[in-house]
Amino acid sequence: MTAASVSDSAAGKGLLNTLATEHPTVSKVWVAGGYQNTVLRHGAGLGIDVERVPRRAEKGFHVLPRRWVVERTFGWLMQHRRLARDYEALPQRSAAMVHWAMANTIMLRLTGESTRTWQGL
1 MTAASVSDSA AGKGLLNTLA TEHPTVSKVW VAGGYQNTVL RHGAGLGIDV ERVPRRAEKG
61 FHVLPRRWVV ERTFGWLMQH RRLARDYEAL PQRSAAMVHW AMANTIMLRL TGESTRTWQG
121 L
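Sequential numbering of the sequence shown, starting at 1, is according to full-length UniProt numbering.
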């Protein structure tokens, strides 16, 4: 997670560096259409194929390749109140809450429990 003042391209390079170091088997990454060519070239230099998913020119709803994966994950995260309401003051705490929420989601799926949400309380 980065501050809102950090550009996507700058954050993307840092993320690719971390990804190449911590997960060397990752070979492909999808990014939004707003990422600059410098991120694509940086990924290529690290041996990661960075594919840009551009928006369509036509108006209206269109399914974009791989976009649903991100939206689905955001939906899972928003089932946790602390993330839906953004109570955290520090980005590190927000990142910790994202890790906790995803671990909780995985645990519930592995045990066959239904996902409890704060909206249903």
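All C-beta atoms in this analysis are idealised placements derived from N, C-alpha and C, irrespective of residue type, glycine included.
Does E113 come out as helix, strand or coil in the three-state DSSP assignment?
Locating residue 113 in the sequence shown gives position 113, counting from the first residue. It is coil, neither helix nor strand.
Among the candidates A101, W68, V31, G14, whose CA atom is the shortest distance from the CA of A84?
Position 84 of the sequence shown holds residue 84. If we check each option's Cα against that of A84, A101 comes out closest.
For K28, count the other beta carbons within 10 Å of its own beta carbon; 16 or more makes it buried, fewer makes it exposed. Which is it?
For the purposes of this step, residue 28 is taken as residue 28 along the sequence shown, with counting starting at 1. So K28 ends up on the exposed side.
What did DSSP end up calling E88 once you bin it into helix, strand or coil?
Position 88 of the sequence shown, counted from the start, is the residue given in the question as residue 88. Of the three classes helix, strand and coil, the one that applies to E88 here is coil, per DSSP.
Look at the alpha carbon of L121 and the alpha carbon of A96, and state the distance between them as a whole number of angstroms.
By one-based count along the sequence shown, residue 121 stands at place 121. By one-based count along the sequence shown, residue 96 stands at place 96. Reliability fails at L121, whose pLDDT of 49 lies under 50, so the model's placement of it is uncertain and the value that follows must be treated cautiously. Spanning the two alpha carbons is a distance of roughly 24 Å.
One question on the structure: do G33 and V53 come within less than 8 Å of each other, judged by their Cβ atoms?
Locating residue 33 in the sequence shown gives position 33, counting from the first residue. Locating residue 53 in the sequence shown gives position 53, counting from the first residue. Yes, they are a contact pair.
So is L40 buried or exposed if we call it buried at 16+ other beta carbons inside 10 Å?
Start at 1 with the first residue of the sequence shown, and residue 40 comes out as number 40. Burial call: buried.
Going by DSSP in three states, K59 sits in which element: helix, strand or coil?
Taking the first residue of the sequence shown as 1, we reach residue 59 at position 59. Here K59 sits in coil by DSSP.
Just curious, the beta strand (DSSP E) that A32 is in, first and last residue?
Residue mapping note: residue 32 aligns to position 32 of the sequence shown, counting from 1. First-last of the beta strand (DSSP E) with A32: 28-32.
Alpha carbon to alpha carbon, how far is A20 from G45?
The residue given as residue 20 occupies position 20 in the sequence shown. The residue given as residue 45 occupies position 45 in the sequence shown. Cα to Cα, A20 sits roughly 10 Å from G45.
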